[in-house]
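In what follows, a single structure is set out as structure tokens and then discussed.
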Amino acid sequence: MSEPSNGFRLFGLRTEIPRWLSATAGLFTVVASAALWWWTTRGVGEERILLYSQLPSIAETIEYFPNLWEADSPERHLLHNTLVSLKRVILGFGLALLVGIPLGVAAGCFAIIRSILAPLILFGRNIPIAALTALVFALFGTGELEKVMFIFIACVAFILSDTISSIQDVGERYVETALTLGATRLQIVFKVLVPLAMPMVFNSLRVLFGLAFGYIMLVEIIQESGGAGGLGYLLNMARRRSRPEIMVIIILTIPIVAWLIDQVLFVVQCWLFRWKYGREAENSGAFRLSRSILSLFWRPANSNSKAPA
Amino acid sequence: MTANNIVEFRQVTKTFNVGREDEFTAIRDITFAIEDLHGHGEFISVLGPSGSGKSTILRLLAGLEPQHPPTSGQVLVSGVPVLGPGADRGMVFQDYTSFDNRTVLDNVAFGLECRGVSKTERYSKAREWIHRVGLNVASDGGKYPHELSGGMRQRVAIARTLILHPRIILMDEPFGALDPHNRYQMQDLLVTLWREVQATVFFVTHSIEEAVYLGDRVFILSRSPGTILHQIEVPAPVRPAAEMQREAEFQEKVFRIRDILEDLESVKKNQDATVT
Ligand SMILES: Nc1ncnc2c1ncn2[C@@H]1O[C@H](COP(=O)(O)OP(=O)(O)OP(=O)(O)O)[C@@H](O)[C@H]1O
Ligand SMILES: [Mg+2]
């Protein structure tokens, strides 16, 4: 069972594989998917397995792309609409954070607050998204407020309950230790429970933000007459003009944007919680990139002192 | 009389889940007193079968729920009933409880921070204590707990307790998870520090050697519901742990106590046998 001296095992249980192999394996999946796409949409007219109206081919999609990228009016621009959607998600999500995290901390610490909030959380977590779109439309119309409130309502109960369980999951031993060191209840909340729970909270926020970014189109698409922008609006345009390419481009854009956002959040997480992500941070390309960028603008005092005189 | 006792238990009984089907009496009628000798804190080792209520006694003293408050009887510290936890009674647990988000320095300074001591002052005290428990201020002070070994973590736990100068130190199997070599080192360290701070120490352990080596007195608890069966005076730790624990005289004391404990276990076995 000896392993190659500087090698690795292809199916080593819970072991790492080299970076190049990991990248190649990922690339393989991309190429295979592209090949499938190409194969199902090759040929012309009725010969195709999937018709143009069902799924445009790779070539057709690439050909159409400049229409979204070099569009004269920002309304049709892919980047502009992505940013519009993103802004709405950030506003709604930020609002949900402002409400959800402090309330969640309080409810995680004190059973009475937890009991008061329990019905709201139950309701909020189980609200059907499709019904919520109708509700915010009825309440707020079709403006920006509606979209921000949609994200807010969709997220806040999840943020609340995840914060509560993260606080509750902090080991009782830490609380007892703090008590025997003379900490007051308030000090235990802010010096022990909150800092120890935050990495868990942040983890679930990363997941939720990704979901919220996918949800926002649900309300953007119910736009009666155009003008408000967003990726949902672009999707509507695709339907009206019978341009399935737009749909494909958006479907491909969303994961890339979501991945970028997640990487940014991960880097923020590494910087915020160095005590937890020391090793993981070193393995993350995004983190090292952020560090080299940071070091261009800011040098910690001690690295200056090491520089030759 | 009472005021002269740093710790006193008066007929303390703790029953969990009173009035329920799973009602369980962990300790019964425990009575003892530790005199408050000026300039000398006594070191009490606590031995007893698993489940005999050793942790229960310590947590009653610490004022930690659910063991606190006692079902009946009184737990007194300097003549005053224990009402809850406080920094005058430091506690070191078996599991590692360093705050993961704090460096060693900030862990050790935690208690002072809670008291509102200024940053410069608490850091300078913390550095002193990091040094005193045998850690390196420069290289270890900035580390986070996940970068430390088990022995180092327990050194941090001891430092952050002693920095507050508690009159009473409660240790619940603090070295239970350490290897023998580390254990000897920690025992020597504890003896040195204890001589300096002169606090009353309650030290729970499963190692008879450790109990005999460290203690002035060894309490032996009966099977549950625990009562104190014996209080045995043992010689002071005058030589290093690894050396003294090998001597014949020391071994003899250990064997005597082992016999007592094994008797307790065999009584239990006989009882179990008659039940089935
Ligand atoms: N919260 C609780 N509720 C019910 N029973 C408990 C509780 N805490 C402890 N006990 C019981 O009380 C008894 C004494 O517990 P304790 O933890 O004091 O034992 P111990 O002597 O420290 O044992 P060990 O050597 O295994 O640590 C045990 O039988 C335990 O099951
Ligand atoms: Mg115990």
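In order, the protein sequence lines correspond to chains A and B. Going by the working numbering, the first residue of the first sequence is number 579, and it counts up by one from there. Going by the working numbering, the first residue of the second sequence is number 27, and it counts up by one from there. C-beta atoms are modelled at their ideal positions from N, C-alpha and C, and glycine is treated no differently.
Next on the checklist: Which complete beta strand (DSSP E) runs does the region 834 to 862 of chain A hold, if anything under 3 residues is left out?
Outcome noted: You should have found no qualifying run.
Checklist entry - Nearest to residue 62(B) by alpha carbon, out of 220(B), 31(B), 280(B), 129(B)? => result That would be 31(B), whose Cα lies nearest to the Cα of residue 62(B).
Next on the checklist: Helix, strand or coil, according to DSSP, for residue 871(A) in the structure here?
Outcome noted: Three-state result, residue 871(A): helix.
Item to check | Beta carbon of residue 87(B) nearer than 8 Å to that of residue 194(B) | outcome: Yes.
Checklist entry - If you count every other CB in all the chains shown that lies within 10 Å of the CB of residue 791(A), and 16 or more means buried, which is it? => result Residue 791(A) comes out buried.
Next on the checklist: If the criterion is Cβ atoms closer than 8 Å, does the pair residue 204(B) and residue 240(B) meet it?
Outcome noted: With a cutoff of 8 Å on beta-carbon distance, residue 204(B) and residue 240(B) are scored as not near each other.
Next on the checklist: Taking 8 Å as the threshold (beta carbon to beta carbon), is residue 849(A) in contact with chain B?
Outcome noted: It does not: the Cβ of residue 849(A) has no partner Cβ on chain B nearer than 8 Å.
Checklist entry - Any Cβ of chain A within less than 8 Å of the Cβ of residue 39(B)? => result So no, residue 39(B) is outside the interface.
Checklist entry - Is it buried or exposed for residue 43(B), if we count other Cβ within 10 angstroms and need 16 for buried? => result The C-beta of residue 43(B) has fewer than 16 other C-beta atoms within 10 Å across all chains shown, which makes the residue exposed.
Item to check | Complete alpha helix (DSSP H) runs within the region 186 to 229 of chain B (minimum length 4 residues, chain order) | outcome: You should have 206 to 223.
Item to check | residue 860(A) at chain B interface by Cβ criterion, 8 Å | outcome: Against chain B, the CB of residue 860(A) has no partner CB under 8 Å away; the residue lies outside that interface.
Checklist entry - Would the region 782 to 790 of chain A and the region 591 to 608 of chain A be scored as touching if the rule is three or more Cβ pairs under 8 Å? => result Counting Cβ pairs under 8 Å, fewer than three are found: no touch.
Item to check | Burial state of residue 155(B) (16 or more Cβ within 10 Å) | outcome: Buried, since its Cβ has 16 or more Cβ neighbours within 10 Å.
Item to check | Beta-carbon neighbours of residue 751(A), restricted to chain B and to distances below 7 Å | outcome: In chain order: 119, 121, 123.
Item to check | Under the three-state DSSP convention, the category residue 884(A) falls into | outcome: Low local confidence applies: a pLDDT of 38 at residue 884(A) is under 50, so the model's placement there is unreliable, and no value is given.
Checklist entry - Listing by chain order, which chain A residues have their CB less than 7 Å from the CB of residue 23(B)? => result In the structure as shown, chain B begins at 27 and stops at 302. Residue 23(B) is therefore absent and cannot be evaluated.
Checklist entry - Can a CB atom of chain B be found closer than 8 Å to the CB of residue 593(A)? => result Output row for residue 593(A): interface = no.
Checklist entry - What's the gap between the Cα of residue 192(B) and the Cα of residue 759(A)? => result In this structure, the straight-line span from the alpha carbon of residue 192(B) to that of residue 759(A) is close to 9 Å.
Checklist entry - Near ligand 2, which residues have their beta-carbon closer than 7 Å to a heavy atom? => result With 7 Å as the limit, the residues whose C-beta approaches a heavy atom of ligand 2 more closely than that are 80(B), 81(B), 198(B), 199(B), 230(B), in chain order.
Checklist entry - Secondary structure at residue 608(A), three-state DSSP: helix, strand or coil? => result Looking at residue 608(A) - three-state DSSP - the assignment turns out to be helix.
Item to check | Limits of the beta strand (DSSP E) - the one that residue 37(B) falls within | outcome: Counted as a single uninterrupted DSSP element, the beta strand (DSSP E) harbouring residue 37(B) occupies residues 31 to 42.
Checklist entry - If residue 33(B) sits next to residue 226(B), beta carbons under 8 Å apart, how far is it from one beta carbon to the other, in whole angstroms? => result In this structure, residue 33(B) and residue 226(B) form a Cβ contact; the two beta carbons are roughly 6 Å apart against a cut-off of 8 Å.
Next on the checklist: Closer than 8 Å is the cut-off here; do at least three beta carbon pairs connect the region 764 to 781 of chain A with the region 677 to 685 of chain A?
Outcome noted: Between the region 764 to 781 of chain A and the region 677 to 685 of chain A there are three or more inter-stretch CB-CB distances shorter than 8 Å, so the stretches are counted as touching.
Next on the checklist: Just to confirm, is the Cβ distance from residue 808(A) to residue 794(A) under 8 Å?
Outcome noted: Cβ atoms of residue 808(A) and residue 794(A): closer than 8 Å.
Next on the checklist: Closest to residue 614(A) by C-alpha separation, out of 678(A), 600(A), 625(A), 633(A), would be which residue?
Outcome noted: Considering only alpha carbons, the answer is 633(A).
Checklist entry - Under a three-way DSSP split, which group does residue 629(A) fall into? => result Collapsing the DSSP output to three states places residue 629(A) in coil.
Next on the checklist: Can you tell me whether residue 161(B) is buried or exposed? The criterion is at least 16 other CB atoms within 10 Å of its CB, across all chains shown.
Outcome noted: Burial of residue 161(B) is indicated by the presence of at least 16 other C-beta atoms within 10 angstroms of its C-beta.
Item to check | Entirely enclosed beta strand (DSSP E) segments - the region 72 to 138 of chain B, minimum 3 residues | outcome: Runs of beta strand (DSSP E) with 3 or more residues, each lying fully within the region 72 to 138 of chain B, are found at 98 to 103, 115 to 118, listed in chain order.
Next on the checklist: Going by DSSP in three states, residue 232(B) sits in which element: helix, strand or coil?
Outcome noted: The three-state secondary structure of residue 232(B), taken from DSSP, is coil.
Item to check | residue 60(B) - DSSP class collapsed to helix/strand/coil | outcome: If DSSP states are grouped into helix, strand and coil, residue 60(B) belongs with the strands.
Next on the checklist: Considering just the uninterrupted stretch of the alpha helix (DSSP H) at residue 667(A), what are its terminal residues?
Outcome noted: First-last of the alpha helix (DSSP H) with residue 667(A): 656 to 687.
Next on the checklist: Between residue 754(A) and chain B, is the shortest Cβ-Cβ distance under 8 Å, so that the two count as touching?
Outcome noted: Yes, residue 754(A) lies at the interface with chain B (some Cβ there is under 8 Å from its Cβ).
Item to check | Under 8 Å by beta carbon: chain A residues contacting residue 126(B) | outcome: Going along chain A in sequence order, the residues near residue 126(B) (Cβ under 8 Å) are 774, 853, 854.
Checklist entry - Using the rule of at least 16 other Cβ atoms within 10 Å of the residue's Cβ for burial, across every protein chain shown, is residue 254(B) buried or exposed? => result Buried: at least 16 other Cβ atoms inside 10 Å.
Checklist entry - Of all Cβ atoms in chain A, is any one closer than 8 Å to the Cβ of residue 115(B)? => result Closer than 8 Å: yes.
Checklist entry - Can you pull the DSSP bridge partners for residue 50(B)? => result Beta-bridge partners assigned by DSSP to residue 50(B): 42(B).
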